[in-house]
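Engineer: Heads up: the sequence lines are chains V and A, in that order.
Start counting the first sequence at 1; every next residue gets the next number (this note's numbering).
Start counting the second sequence at 1; every next residue gets the next number (this note's numbering).
There are 2 protein chains.
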Amino acid sequence: MSTRTTVTPDAVRRAALELFAGKGYHGTALSEIAARLEIRTPSLYNHITSKQELLAHILLQTSTEVLDDFDHAVAGLDDVAERLGAAVRVYALRHATHRHEALVVNADVAALEEPVRSRVLELRRRHERGVRDLIIEGTANGDFDVEHPAVTSFGILEMCVAIARWFHEDGSLSAEDTAEAHAELALRMVAHRLSGDRPVSDPTDRELTAGKRTT
Amino acid sequence: MSTRTTVTPDAVRRAALELFAGKGYHGTALSEIAARLEIRTPSLYNHITSKQELLAHILLQTSTEVLDDFDHAVAGLDDVAERLGAAVRVYALRHATHRHEALVVNADVAALEEPVRSRVLELRRRHERGVRDLIIEGTANGDFDVEHPAVTSFGILEMCVAIARWFHEDGSLSAEDTAEAHAELALRMVAHRLSGDRPVSDPTDRELTAGKRTT
DNA sequence: CCTACCGATCGGTAGG
DNA sequence: CCTACCGATCGGTAGG
């Protein structure tokens, strides 16, 4: 049983990732990681320098990739709704395709030691700010109708994060469909409401681009 | 320094709650709980029977209250949008006013031992199902326009859960305003869209009641 | 990659 | 409420 390939630093990280995701950093013993690789605990130190380093690698890499994803997703897009849709799509997709990483990032930042912790938190803040600024921009130019941009951006981001908690690859929805569904939900959250119960104070230049169709 | 009141089982639970919320169940040592109460670790056992019991109490109580909240919130309301709004409002409010409980529930279910773990998960599933059924009902009778009820209900619920991660009592929004903002977001997520870019494949009986206006 | 072993700390008990 | 102490386990090192 078990594939029994040669142990590499990457294999250790993968084993750690799955265990951290399931039981948390503090809830996972190095002996369990070793057992999964069918080696003894001290042998892990041929591939890593500490347990903490395993955690740091996962969180730094993931946080960096999230920010890169965002930058690439919005690059070249003009319409702010398109940019928000693309940002949400790629963020949601990541949480469906990288469930374990996402779970660890969100459950175990507290277990990170400085200075890595601050770096990770800074990367996350940058991403949050990027999304929030899109919402602020769309609200300012009248494309969106949002009362609390910060609350709305947290709501959008966190429902995407939650995908990691319920998504299953064998479910009825593919990762891509799930991502698309979240982009749609996000655009609904910022869209103008039906029925004129919310008077559009500044309808300048906005014909009826309200649709999310992009071609 | 410190209030220095007599230690009670409830005081132990409160100290444990704050520490679990900040560092997780496995990341918190009983010695830290004792230190916060200015007693020695073994003295804790005059008030509790085990560390695990502390966790079980927090999670069971919170999960039970969430379900009670839901039942009371929707009771007596007729309109499905009103019921969904009320359910979201009360759930969001709890996550703003009981941040620590919410953080522990979501981070440390995995640390719960059986059979309590199964009971807690069952309570959570019941609540999820309650909200999802509202969305299904509203979609079926035409009040809502939702393509993926399960995804939508997870999205709504999880953005509320996330409140516990970012809400601060001294922020610009009160707990009540935050709850109201989330009810609004949830209703947007299920509402009919502006402009007919989504061809209504089955327009039976749904003329253009598209609005969510009731009565 | 291993055995042997380290000090520290864990949750918890004995016995006042 | 305490001191004294338990066995188990932790992350990690020595030295092949």
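The C-beta atom is built at its ideal place from N, Cα and C for all residues, glycine as well.
#1: Note down the Cα distance separating A11/A from E18/A, rounded to an integer number of angstroms.
#2: For R40/V and I33/V, what's the separation of their Cα atoms in angstroms?
#3: Using only the heavy atoms of the ligand MG, determine whether one of them is closer than 7 Å to the beta carbon of F154/V.
#4: Assess, as a yes-or-no matter, whether the stretch 57-69 of chain V is touched by the stretch 141-158 of chain V under the definition of 3 or more beta carbon pairs within less than 8 Å.
#5: Determine the DSSP secondary structure at I135/V, reduced to helix, strand or coil.
#6: Determine, using beta carbons only, whether A35/A comes closer than 8 Å to chain V.
#7: Taking the straight line between their C-alpha atoms, what separation do you get for T6/V and E38/V?
#8: Going along chain A, which residues have a C-beta under 7 Å from V88/V?
#9: In terms of alpha-carbon separation, which member of G27/V, E137/V, S43/V lies closest to P149/V?
#10: For A107/A, which residues from the same chain have a beta carbon less than 7 Å from its beta carbon, with the 5 sequence-adjacent residues on both sides left out?
#11: In three-state DSSP terms, what is H95/A?
#12: For V105/V, I'd like the list of residues in its chain whose CB is within less than 6 Å of its CB, leaving aside the five on either flank, ordered along the chain.
#13: Do the stretch 108-121 of chain A and the stretch 88-95 of chain A touch if we need at least three Cβ pairs shorter than 8 Å?
#14: Can you pull out the residues from the stretch 12-41 of chain V whose beta carbon lies closer than 7 Å to at least one beta carbon of chain A?
#15: Along the stretch 178-195 of chain A, where does the CB come closer than 8 Å to a CB of chain V? Name the residues.
#16: So is T49/A in contact with chain V if we call contact Cβ pairs under 8 Å?
#17: Mapping DSSP to helix, strand and coil, what is S50/A?
#18: Does the Cβ-Cβ distance between I163/A and T152/A come in under 8 Å?
#19: Spell out whether any CB of chain A is found under 8 Å from the CB atom of A81/V.
#20: Is it true that the CB of A21/A sits closer than 8 Å to the CB of H127/A?
#21: Using C-beta distances below 7 Å, list every residue in its chain close to A86/A, excluding the 5 sequence neighbours before and after it, in chain order.
#22: So what's R14/V in DSSP terms, helix, strand or just coil?
#23: Among residues of its own chain, excluding the 5 on either side of V90/A, which ones have a beta-carbon nearer than 8 Å to its beta-carbon?
#24: Can you tell me which of V190/A, E169/A, Q52/A puts its alpha carbon nearest to the alpha carbon of A110/A?
#25: Please name the residue in H168/A, V161/A, W166/A whose C-alpha comes closest to that of D165/V.
#26: Could you check the C-alpha separation between A16/V and L103/V for me, to the nearest Å?
#27: Starting from the Cα of V80/V, find the closest Cα among E158/V, T49/V, G130/V and give me that residue.
#28: Using three-state DSSP, classify D69/A as helix, strand or coil.
#29: Give the C-beta separation of M159/A and L185/A to the nearest angstrom, bearing in mind that I take them to be a contact with Cβ-Cβ under 8 Å.
#30: Taking the continuous alpha helix (DSSP H) assigned at L30/A, which residues delimit it?
#31: Taking the alpha carbon of G155/V as the point to measure from, which residue in G171/A, A181/A, V146/A has its own alpha carbon closest?
#32: On a Cα-Cα basis, can you pick out the residue from V66/V, A175/V, G171/V, L194/V that is closest to R125/V?
#33: Could you give the DSSP three-state label for D170/A: helix, strand or coil?
#34: Counting only Cβ-Cβ distances shorter than 9 Å, please list the residues of the stretch 146-157 of chain A near chain V, keeping chain order.
#35: Which residues mark the beginning and the end of the alpha helix (DSSP H) in which H182/V is found?
Structural biologist: Result, derived from the coordinates:
#1: 11 Å
#2: 9 Å
#3: For the structure depicted, the ligand MG is absent and the ligand set is empty, with no information on it obtainable.
#4: no
#5: helix
#6: no
#7: 10 Å
#8: Going along chain A, no residue has its Cβ under 7 Å from V88/V, so there is no contact; the nearest lies around 11 Å.
#9: E137/V
#10: G24
#11: helix
#12: L59, T62
#13: no
#14: G22, K23, G24, H26, G27
#15: T178, A181, H182, E184, L185, R188, M189, A191, H192, R193, L194, S195
#16: no
#17: coil
#18: no
#19: no
#20: no
#21: A73, V74, L77
#22: helix
#23: D69, F70, H72, A73, A179
#24: Q52/A
#25: Just to set this straight, residue 165/V is Arg in the shown sequence, not Asp. Selected option, being the one with the closest Cα: V161/A.
#26: 13 Å
#27: G130/V
#28: helix
#29: 7 Å
#30: 30-37
#31: A181/A
#32: V66/V
#33: coil
#34: E147, H148, A150, V151, T152, F154, G155, I156, L157
#35: 175-190
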